Amino acid sequence: MKLSVMFDGIWKNNGVFKQVLGTCPTLAVTTSVKNGLGMGLATTFVLICSNIVVSLIKNIVPSKVRIPVYIVVIASFVTIVDLMMNAYLHDLHKILGLFIPLIVVNCIILGRAEGFASKNGVADSLLDGIGIGLGFTLALSILGGVREILGNGSILGFNLFGSSFSPAIAMIMPPGAFIGLGFIMFVISYFEKRKRG
Amino acid sequence: MKNNLSMIYILAIITAIAALLLSITYNGTKDKIEEAYRQELIKALNVVLPEHDNHPDKEDINIDGKSVYIAKKGGKLVGVAFKSTSSKGYSGDIDILVGIDLNGKVYGVEILKHAETPGLGSKIETDSFKRSFKGLGKEDKIAVKKDGGVIDQFSGATISPRAVCEAVNNALKFYSEVVVKNPQLIGGVK
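Listed in order, the protein sequences are those of chains A and B.
Taking this note's numbering, I'd label the letters of the first sequence as residues 149 to 345.
Taking this note's numbering, I'd label the letters of the second sequence as residues 345 to 534.
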């Protein structure tokens, strides 16, 4: 059991900024910090559960049917999250409801099942799930924050600039997601290149 | 051959376990979800109807396939509410709940379901927008200002408020053409 597995997942192997996986939900839901956070945490939950289960059953699943098995495992957890959220976090579900089923096709989750959990022990897979999940949540919150500040002039629903500020509406529309993600990745790689010299 | 069969068994067993887990979760959350939707309706009804002391969500009558919720105070009718839909939203239908008082004026509007652009069209959910319909009747021009009406549109989003206006107009039309002629309500509304 290595804690470094978890920290690698948060930043060094960040699913969105470094591996550029799961961009569909990333681009779709990040119109505000709250949405990004909610989607990130829901994905983290599914990721942790599916990593644990895939790691547990890795020795009994024949390799030829492993992908359908992973998808069944992931889809089941997503449906459970969907129902639970609808029952207990009804208001959040109203916002994210459309996107929850999309977690099934988030390739970060299938990628971690195939690339990590099916080759490693339960404890490491759990840590990997937490790390990658938190990394995903972090990425969605950053992108959501940038878009909410520029496109709506607020952060977490709290108005920043007063009523005279006229926001760049394009930032909370779909093109803003691409522009925002592109610039964030540019800034990250710029500083990392400079650090390396 | 043996390997091929085990493939089938294992896939079948795993899907069966998944199905079992899902049915347990579904049964566990079913009532809670229904209750959440009911609470949502009650909350919306309390906003759009004048002060009442009955349970409008339980006292609904079916008129032309529409549930009309009836608000009473001390046994006397004070208003009705029903759902109205516009398909002219920016993305998908907009479902609203409209409450109408005995003078045939809008008492309140609540957005039940929409898929408008977050941060733009979704501003139809703000209280100040919903309040701007209060007191309007079928003789008022319910339309966005761009179309010569009395409702404020938002910068960058005209389509969504326009769709809500359409839904409110539909509701008033339904009220004056169908609801007031309903025998169960005659005498109470004009």
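All C-beta atoms, glycine included, are put in the ideal place defined by N, C-alpha and C.
In this text the structure is predicted, and so the values were computed from the model without any measurement.
Quick one: what does DSSP say residue i is sitting in, helix, strand or coil?
| i | result |
| --- | --- |
| B:T429 | strand |
| A:S273 | helix |
| B:S499 | coil |
| B:V442 | strand |
| A:N307 | strand |
| A:K408 | Lying outside 149 to 345, the shown extent of chain A, residue 408 of chain A is not represented and no answer is given. |
| A:K212 | helix |
| B:K482 | coil |
| B:K420 | strand |
| B:V522 | coil |
| A:S289 | helix |
Between residue i and chain B, is there a C-beta pair that is closer than 8 Å?
| i | result |
| --- | --- |
| A:I228 | yes |
| A:N234 | yes |
| A:S180 | yes |
| A:S312 | no |
| A:S198 | no |
| A:L275 | no |
| A:L151 | no |
| A:I317 | yes |
| A:S337 | no |
| A:I257 | no |
So, does the CB of residue i fall closer than 8 Å to a CB anywhere in chain A?
| i | result |
| --- | --- |
| B:K376 | yes |
| B:S350 | yes |
| B:A360 | no |
| B:Y370 | yes |
| B:E448 | According to the sequence provided, residue 448 of chain B is Gly. The question's Glu does not apply to it. So, not an interface residue. |
| B:T502 | no |
| B:T429 | no |
| B:L393 | no |
| B:A380 | yes |
| B:I390 | According to the sequence as given, residue 390 of chain B is Asn; it is not Ile. Taking Cβ atoms only, chain A never reaches closer than 8 Å to B:N390, which makes this a no. |
| B:L365 | yes |
| B:L441 | no |
| B:L355 | yes |
Provide the residue span of the alpha helix (DSSP H) that contains residue i, from first to last.
| i | result |
| --- | --- |
| A:K182 | 181-204 |
| B:D471 | 471-475 |
| A:H241 | 238-244 |
| A:E340 | 322-344 |
| A:G259 | 255-260 |
| B:P394 | No alpha helix (DSSP H) contains B:P394, which DSSP labels as neither H nor E. |
| A:A176 | 171-177 |
Kindly indicate the opening and closing residues of the beta strand (DSSP E) around residue i.
| i | result |
| --- | --- |
| B:Y434 | First-last for B:Y434: undefined, no H or E at that position. |
| B:S411 | 410-417 |
| B:E460 | Careful: B:E460 lies outside any beta strand (DSSP E) and carries neither H nor E. |
| B:D404 | 404-407 |
Quiz prompt | At least 3 beta-carbon pairs within less than 8 Å: the region 221-229 of chain A vs the region 165-178 of chain A | solution = Cβ pair count under 8 Å is below three, so no.
Exercise. Would you list, in chain order, the members of the region 204-221 of chain A that have their beta-carbon closer than 9 Å to a beta-carbon of chain B?
Key: When CB distances to chain B are screened at a threshold of 9 Å, the residues of the region 204-221 of chain A falling below it are I205, I208, V209, P210, K212, V213, P216, V217, V220, V221, in chain order.
Quiz item: Between the region 200-210 of chain A and the region 226-245 of chain A, do at least 3 Cβ pairs fall closer than 8 Å?
Solution: With a cut-off of 8 Å, the region 226-245 of chain A and the region 200-210 of chain A do not count as touching, because too few Cβ pairs lie within range.
Quiz item: According to a CB-to-CB cut-off of less than 8 Å, which residues of the region 452-479 of chain B neighbour chain A?
Solution: Closer than 8 Å at the C-beta level to chain A, one finds these residues of the region 452-479 of chain B: A459, T461, P462, G463, L464.
Quiz item: With a cut-off of 8 Å, do at least 3 Cβ pairs link the region 466-475 of chain B to the region 438-456 of chain B?
Solution: At 8 Å Cβ cutoff, the stretches touch.
Quiz item: Just checking, does the region 431-443 of chain B make contact with the region 488-506 of chain B on the three C-beta pairs under 8 Å criterion?
Solution: Touching, per the Cβ criterion.
Practice problem: Please determine if the region 170-185 of chain A and the region 247-257 of chain A are in contact, where contact requires at least 3 C-beta pairs separated by less than 8 Å. | Solution: Enough Cβ pairs lie closer than 8 Å, so yes.
Quiz item: How about the region 379-395 of chain B and the region 233-244 of chain A: do they share at least three Cβ pairs that are nearer than 8 Å?
Solution: Touching, per the Cβ criterion.
Exercise. Evaluate the contact criterion for the region 325-335 of chain A versus the region 282-295 of chain A: three or more CB pairs, one atom per stretch, below 8 Å.
Key: In the pairwise beta carbon analysis, the region 325-335 of chain A is classified as touching the region 282-295 of chain A: at least three pairs are separated by under 8 Å.
Quiz item: Touching or not, the region 510-525 of chain B and the region 474-493 of chain B, by the rule of three or more beta carbon pairs under 8 Å?
Solution: Taking 8 Å as the limit for Cβ pairs, the verdict is that the region 474-493 of chain B does touch the region 510-525 of chain B.
Exercise. Mind checking the region 282-298 of chain A against chain B and listing, in chain order, the residues whose C-beta falls within less than 9 Å of any C-beta there?
Key: Taking 9 Å as the Cβ-Cβ cut-off against chain B, the residues of the region 282-298 of chain A that qualify are R295, E296.
Exercise. Mind the definition here: the region 483-499 of chain B touches the region 414-434 of chain B only if three or more C-beta pairs lie below 8 Å; say whether that holds.
Key: Using a C-beta cut-off of 8 Å, the region 483-499 of chain B makes no contact with the region 414-434 of chain B, since fewer than three inter-stretch Cβ pairs fall below that distance.
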